[in-house]
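81 is the number that UniProt numbering gives to position 81 of the sequence shown; each next residue is one higher, with no gaps. Each residue gets a CB set at the ideal place from its N, CA and C atoms; glycine is no exception. Since we're looking at a predicted model, the values are computed, not measured. Okay, structure first, notes after.
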Amino acid sequence: MSTTNYLIRNARILGGDPQDIRITDGVIAEIGASLEAKGEREIAADGLIALPGLVDLHTHLREPGREDAETVLTGTQAAAKGGFTAVHAMANTFPVADTAGVVEQVWRLGRESGYCDVQPIGAVTVGLEGKQLAELGAMADSAAQVRVFSDDGKCVDDAVIMRRALEYVKAFGGVVAQHAQEPRLTQGAQMNEGVVSGELGLAGWPAVAEESIIARDVLLAAHVGSRLHICHLSTAGSVEIIRWAKSKGWDVTAEVTPHHLLLTDELVRSYDAVYKVNPPLRTEADVMALREALADGTIDIVATDHAPHPAEDKACEWAAAAMGMVGLETALCVVQSAMVDTGLMGWAEVAERMSAKPAAISGIPGHGRPVSVGEPANLVLFDADYRGEVNPDAFATRSRNTPFRGMDLPGRVVATFLRGNATVLDGELV
């Protein structure tokens, strides 16, 4: 993309006092009040919050293999509309991203899209089958420079394989991101195990199936002195285990999805498969525990787990429906609703948990940087005063499986800049 220079007028950096931001040659060149224009394109940002470009550590872009659900292009367009300047593409594609060749393909598709940076995540095991370590070193040495490895969608349930993976990634400063789900405890599971599953007669996914894997893996990570990241934490018990591990000084991080901060298993009473997700929507008590843990830093980051599915994979009976929800274009709005408007967090904390911290976990260069002079101009301008109904027909993602359809959510991304290039202006893709 060719770079236009911009002068953003009266933006509130992290919700502070209005200031002008001058973007020159892809870099934040000057910040101050009433800056003199030097021929730049001027953007009126009165009342808008300026945040560093968001970074998603957990995105399913589906390419290669499931381009009917999403492509790298449509996924990165959705990301830009959600305020993201970098996403991490999960490995459960067809073929699986378990070799240097596949991760480089995804990385190059991301570079060609131009809407946001795409950092591939490599599989931990060959074919996500949990039996043999994938080419971790080759993926780390590839052009994609992979540093995060995950079998997400499946759990690395073999303790010996998990230990070996944790030991291996130490050689290049990598991190293993675990999808915590004990497979034998969740066989045939359809929703959270609890009061609602009992009343509906649906097979339950018990909290202990998540918590037991997390407990095992924080102990393994401590034993080998490696880095562990836990994907999509969903229970109050999981929060307590992470809190305990951190109190020991162990190198463990965790994420929560926007949907687990707002929605509960009561929605499953509708039998609408848009609410079917893995891990499942939990109870109100779990939601409150997750919010509190995100606010106090026990949970490090918000990650979308953006999981697009074509209509036919959701428009069917509950038991046959695919698990997953799209989330890139609503993430910041949901976080505002669940965390900012409730007084649990301010915009500086949102920037840390949706930009700085995820970038630090993966080590992706040039992202998660503060909105300061000399930094890359990765920015999002957000209208926190906006209120509107979620309309998935206006989404950029190829899929429409959002649980927020028709819901009144606060906030709207007005503009996104990737290294000074506008990817979104006036809420529309450039």
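Collapsing the DSSP output to three states places V87 in a strand.
Here D265 has M191, N192, G194, V196, S197, P280, L281, R282, T283 as same chain residues with Cβ atoms under 8 Å from its own Cβ, once five neighbours each way along the sequence are excluded. Within the model, the alpha-carbon separation for D158 versus H232 is close to 20 Å.
Cβ-Cβ separation between K81 and A396: approximately 5 Å, consistent with a contact (criterion under 8 Å). With contacts defined as CB atoms closer than 9 Å, V208 and I230 fail to qualify as a contacting pair.
Given a length threshold of 3 residues, each whole run of the beta strand (DSSP E) inside the segment 47 to 112 is given here in chain order: 49 to 52, 54 to 59, 84 to 89.
For L200, the closest alpha carbon among the candidates M345, W318, L136 is that of W318. I28 and G374 do touch by the CB rule: their CB atoms are close to 7 Å apart, below 8 Å.
When DSSP reads this structure, R12 sits in a beta bridge with P18, I49.
Here the alpha carbon of E40 sits roughly 8 Å from the alpha carbon of I23. Rounded to whole angstroms, the separation of the alpha carbons of L7 and D20 is 7 Å. Scanning the segment 156 to 200 for uninterrupted beta strand (DSSP E) segments of 3 residues or longer gives 175 to 178, listed from N- to C-terminal end. According to the DSSP assignment, H260 belongs to the alpha helix (DSSP H) that extends over 258 to 262. Per DSSP, the unbroken beta strand (DSSP E) holding R41 starts and ends at 41 to 44. Between G411 and L332, the CB-CB gap stays under 9 Å. Counting every other CB atom within 10 Å of its CB across the protein chains shown gives G388 a total below 16, marking it as exposed. Within the DSSP secondary-structure output, V252 pairs in a beta bridge with L228.
F417 is bridged by DSSP to L379, A422.
Within its own chain, the residues whose Cβ lies closer than 8 Å to the Cβ of Y386, once the five positions on either side in sequence are excluded, are P410, G411, R412, listed in chain order. In this structure, R398 sits away from P392, with a CB-CB distance that is not shorter than 9 Å.
When the five nearest sequence neighbours on each side are left out, the beta carbons in the same chain lying within less than 7 Å of the beta carbon of T74 are those of A396, T397, R398, in order along the chain.
Within the same chain, Cβ atoms closer than 6 Å to the Cβ of T416 are found at A80, G83, V380, T423, V424, the five residues on either side in sequence being excluded. For the segment 112 to 139, the continuous beta strand (DSSP E) assignments of 3+ residues that do not extend past its boundaries occur at 117 to 120, in sequence order.
The distance from the Cβ of S372 to that of V55 is about 17 Å, inconsistent with a contact at the 8 Å cut-off. Taking all protein chains shown into account, M139 has 16 or more neighbouring C-beta atoms within 10 Å of its C-beta and is therefore buried. Only exposed fits K38, as fewer than 16 other CB atoms lie within 10 angstroms of its CB. Secondary structure at A384: strand, using DSSP grouped into helix, strand and coil. Distance from the CA atom of G173 to the CA atom of P308, rounded to whole angstroms, is 31 Å.
The criterion of a C-beta distance shorter than 9 Å is satisfied by S150 and A91. G237: member of the alpha helix (DSSP H) spanning 236 to 247, first to last residue. With contacts defined by Cβ atoms closer than 9 Å, N278 and G343 do not form a contacting pair. Under DSSP, L7 takes part in a beta bridge, and its partners are R22, E42.
Look at L281 here: in three-state DSSP terms it is coil, with no helix or strand label. In this structure, the CA atom of I49 is about 25 Å from the CA atom of T59. Spanning the alpha carbons of I299 and A123 requires a straight line of approximately 23 Å. Each residue's CA atom was taken as its position, placing E42 and R405 some 34 Å apart.
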